[in-house]
Ligand code: AHR
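Residue numbers (this note's numbering): 55 to 384.
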């Protein structure tokens with residue numbers, strides 16, 4: 055729990071303004087108080103270095119921000135039910151704003167309607183939810199996951215341009231999650247629109263964890279071998295790093311016997327790239343706590359905000375990994 059006394063004339067004036075906009079302790083939130091806004095954050099879990107960095111960024115920004123009185127942080131351990139329970143608790147506690155990083159895209163209608171009925175605005179951080187429910191949240195900040203998939207697809211069509219048919223294994227993220235769905239969509243959209251000849255030999259979920267990635271890769275290897283496989287597309291670093299372990303244990307050379315794309319851009323991912331074990335890294339940026347706090351205040355204030363704010367991201371190929379390593383934040 056993070057609790058601070060509001061200091062500073064500017065912040066005080068802002069919150070008085072918010073209180074004047076109709077918020078009070080009795081009306082179910084949306085207004086703030088002299089002690090700053092109370093924010094409930096239902097986080098996905100701690101499944102990856104990306105996620106840990108994201109939680110740290112949000113907590114540090116809330117702690118440093120005089121406009122935020124308290125951040126109620128819940129780690130849902132990758133379980134939607136725990137996130138739904140957390141949101142219901144936030145509603146009971148009459149927080150001012152709810153921030154949700156939804157584990158999966160579907161199944162949010164009931165609980166987000168409850169938040170709406172309680173007058174508590176919801177911001178999505180990181181992952182999105184299905185379009186049918188888009189009226190139930192005010193705004194989302196995070197990555198353009200389809201664009202991330204497109205970057206991976208574009209690199210693939212260039213890297214394997216001389217192949218007759220490129221044989222691909224895919225390690226998918228959590229089933230039903232926005233990044234798993236969208237990274238797949240963007241990737242194959244490019245391959246198909248470029249008329250690229252490929253075979254998706256196998257595709258399974260490793261749940262965005264290193265253990266999951268390793269276990270699925272072991273199955274891939276025992277089922278298909280690696281002799282005729284060109285590429286592994288892993289939806290995040292952890293699964294890619296787990297897969298690298300499985301590939302090495304089976305006596306193959308990652309990055310050479312099979313080329314590897316990972317998504318996130320952690321230090322460990324870049325180290326693997328510098329060692330020649332990873333061939334392409336699509337960045338996914340978790341450090342958006344400051345921007346999120348600005349949105350929290352704007353939303354509590356009733357200001358107009360964009361429906362989606364994309365964070366800045368890049369991509370890196372061989373020859374760039376070592377130079378980029380010192381810049382990695384997680
Ligand atoms: O939603 C973002 C994804 O979630 C990151 O790519 C992954 O590492 C995390 O688990």
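Built from N, CA and C at the ideal position, the CB exists for glycine as well. Bear in mind that the values here come from a model prediction, so they are computed numbers and not experimental data.
Please state whether DSSP places residue i in a helix, a strand or coil.
{"i": "residue 219", "result": "coil"}
{"i": "residue 226", "result": "strand"}
{"i": "residue 131", "result": "coil"}
{"i": "residue 343", "result": "helix"}
{"i": "residue 101", "result": "coil"}
{"i": "residue 288", "result": "strand"}
{"i": "residue 81", "result": "Only weak support exists for where residue 81 lies, its pLDDT of 40 falling under 50; the value from the coordinates is given anyway. Residue 81: coil per DSSP, three-state reduction."}
{"i": "residue 199", "result": "helix"}
{"i": "residue 320", "result": "coil"}
{"i": "residue 126", "result": "strand"}
{"i": "residue 384", "result": "coil"}
According to the Cβ coordinates, are residue i and residue j closer than 8 Å?
{"i": "residue 209", "j": "residue 370", "result": "no"}
{"i": "residue 279", "j": "residue 225", "result": "no"}
{"i": "residue 292", "j": "residue 319", "result": "no"}
{"i": "residue 231", "j": "residue 158", "result": "yes"}
{"i": "residue 365", "j": "residue 94", "result": "no"}
Please indicate yes or no: does the CB of residue i lie closer than 7 Å to some heavy atom of ligand 1?
{"i": "residue 102", "result": "yes"}
{"i": "residue 204", "result": "no"}
{"i": "residue 366", "result": "no"}
{"i": "residue 194", "result": "no"}
{"i": "residue 129", "result": "no"}
{"i": "residue 290", "result": "yes"}
{"i": "residue 380", "result": "no"}
{"i": "residue 262", "result": "yes"}
{"i": "residue 317", "result": "yes"}
{"i": "residue 180", "result": "yes"}
{"i": "residue 156", "result": "no"}
{"i": "residue 105", "result": "yes"}
{"i": "residue 175", "result": "no"}
If you measure from the CB of residue i, is any heavy atom of ligand 3 nearer than 7 Å?
{"i": "residue 308", "result": "With respect to small molecules bound, the structure shown includes ligand 1 and not ligand 3."}
- Message: I'd like the ranges of any alpha helix (DSSP H) spanning at least 4 consecutive residues and lying wholly in the region 140–196.
- Response: Whole alpha helix (DSSP H) segments, 4+ residues: 163–171.
- Does the region 310–325 touch the region 149–161, meaning 3 or more C-beta pairs lie closer than 8 Å? The region 149–161 is not in contact with the region 310–325.
- Run through the region 232–277 for me and flag every whole alpha helix (DSSP H) of 4 or more residues, listed as ranges in chain order. Runs found: 232–247.
- Spell out a yes or no on whether the region 233–251 and the region 198–205 are touching, meaning 3 or more CB-CB pairs, one atom from each, closer than 8 Å. A contact exists between the region 233–251 and the region 198–205.
- Kindly confirm or deny that the region 169–176 and the region 210–223 touch, where touching means at least three C-beta pairs closer than 8 Å. No contact exists between the region 169–176 and the region 210–223.
- Message: With a threshold of 8 Å, are at least 3 pairs of Cβ atoms found where one atom belongs to the region 283–291 and the other to the region 307–315?
- Response: Yes, they touch.
- Query: Counting pairs of beta carbons, one from the region 182–194 and one from the region 121–128, are three or more of them closer than 8 Å?
  - Reply: Touching, no.
- Is the region 109–116 touching the region 372–380 in the sense that three or more CB pairs, one from each, lie closer than 8 Å? Short answer: they don't touch.
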